[in-house]
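Inspection log for the structure reproduced underneath, given as structure tokens.
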Amino acid sequence: MLALDGIYLENGEEVPVFRRVLAPDDREVARVARRVRQRVGRLLKARGLDSEADAYGVDQLWDEQPLLAELYSASVSGRVATGPRAGRGVIMLGAQPGEGVEPVKAGCAASGGFSVHAGVAAPAHDRKRLEQLARYAARPPIATGRLSRLEDGRLLYRLKRRWSDGTSHVVYHPLELMQRLAALVPPPRYNIISYYGVLAPRSAFRPRIVPRSKPESDESPDGSQGSLRASAESQASPEAENRGQGKKRNYSWAQLMARVFELDVFCCPRCGGRMRIMAAIDSPEAITKILACLGLPIRPPPVAPAVPDPESLFF
């Protein structure tokens, strides 16, 4: 969760004044952890979902999708949901019996399984650092570069840092790993990003404190014409001139390719110059003529079940 480290105050002007607050001390962080534990406990008890209650007949998910509910339950408790090892704990390498006491760090606290980490902050106007924090919070569940296959077919996942009990690797059967990943997939049409307070969509403060998007330059870093962030819409219509006014656009396809894969899709593979989208052709007749002129197949390939590359599979 990302939070503002201050508050906005009305001063009679169009833009409210931001006043930064002091960083919370360790006692305040510990109080937040205890309060979260107590409130979540009361909420679960009010809904009949506390540890002493029977989930069946109370939890709608258990009634409608019992397998998915079991995956969730096993994931948070470190158990295997289904298969030959159902009910048993996940295999961990390097764990030391009797260990597990994590050293207390500044700005961190734990209470009854809930932990609060408030020791990281982005300096004012450091947009790059803020983006790094946002990307870290939205990072994928596993890094495939640390996943390998053992000789017996099981999967070995190397942790980036040792856990407090000394665990350095986790071993999964292929089905067990799929169970863990399935529990992390959000439901269809479920919003996984929420904004609160002055940043909420319907907050009266939001349009007054959230800056509008800046117009994007048509110059690439090397000084040539064209922009890595240009999209088909921005290059083919005069609406590109109005960027930065009104509602911020979503990232274009070209932007996403550059930010995620560091791939400049507008760089010509032949001469290295800048390419432009001249037109978007969606007429089947025109597409057929162009493909025939280039000597390319004009009929789509037959539909067949997807066959993955065996080299890319772990199981």
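With this note's numbering, the residue at position 152 of the sequence shown is 644, and numbering never jumps.
We put the CB at the ideal spot given by N, CA and C, even for glycine.
Since we're looking at a predicted model, the values are computed, not measured.
In terms of CA proximity to residue 495, 609 leads the group 661, 609 and 620. Contact between the stretch 500-508 and the stretch 693-703 is present, with at least three C-beta pairs closer than 8 angstroms. Contact check for residue 651 against residue 639 fails: the beta carbons are separated by 9 angstroms or more. Taking one beta carbon from each stretch, the stretch 522-538 and the stretch 612-630 have fewer than 3 pairs nearer than 8 angstroms; the two do not touch. For the options 678, 742 and 762, the alpha carbon positioned closest to that of residue 704 is the one of 742. Judged by DSSP in its simplified three-state form, residue 700 adopts helix.
With a contact defined as Cβ atoms closer than 8 angstroms, residue 601 and residue 521 qualify at about 5 angstroms. Counting other Cβ atoms within 10 Å of its Cβ, residue 744 reaches 16 or more and is therefore classed as buried. Residue range 619-629 is occupied by the alpha helix (DSSP H) that includes residue 627. Look at residue 602 here: in three-state DSSP terms it is strand. Residue ranges of uninterrupted beta strand (DSSP E) with 3 or more members, entirely inside the stretch 529-586 and ordered along the chain, are 583-585. Contact between residue 582 and residue 677 does not hold, since the beta-carbon distance rounds to 19 angstroms and is not under 8 angstroms. Minimum Cα-Cα distance from residue 669 among the listed residues 685, 570 and 540 corresponds to 570. In this structure, residue 613 sits near residue 497, with a CB-CB distance shorter than 9 angstroms.
Between residue 586 and the set 580, 689 and 649, the nearest pair of CA atoms involves 649.
The beta carbons of residue 667 and residue 579 sit about 14 angstroms from each other, so the pair does not count as a contact at 8 angstroms. Residue nearest to residue 655 within the set 621, 690, 588 and 692 is 588 (criterion: CA-CA distance). Within its own chain, the residues whose Cβ lies closer than 8 angstroms to the Cβ of residue 659, once the five positions on either side in sequence are excluded, are 584, 585, 586, 587 and 651, listed in chain order. Here DSSP, grouped into helix, strand and coil, assigns residue 684 to coil. In the three-state reduction of the DSSP assignment, residue 499 falls in the strand class, which pools E and B. When the Cα atoms are used, residue 755 and residue 761 turn out to be separated by approximately 12 angstroms.
Residue pairing of residue 759 in beta bridges, as defined by DSSP: 766. By the C-beta density criterion, residue 664 is buried, having at least 16 other C-beta atoms within 10 angstroms.
Taking 9 angstroms as the cut-off, the beta carbon of residue 606 is found closer than this to the beta carbon of residue 525.
Secondary structure remark: continuous beta strand (DSSP E) runs of at least 3 residues inside the stretch 643-682, in chain order: 647-650 and 661-664. Put simply, of 653, 750 and 528 the residue whose alpha carbon is nearest the alpha carbon of residue 604 is 528. Per DSSP, the unbroken beta strand (DSSP E) holding residue 641 starts and ends at 639-641. Per DSSP, the beta-bridge partners of residue 512 are 498. A buried status is given to residue 563, since no fewer than 16 other beta-carbon atoms sit within 10 Å of its beta-carbon.
The C-beta of residue 572 has 16 or more other C-beta atoms within 10 Å across all chains shown, which makes the residue buried. For residue 765 and residue 500, the gap between their C-alpha atoms comes out near 47 angstroms.
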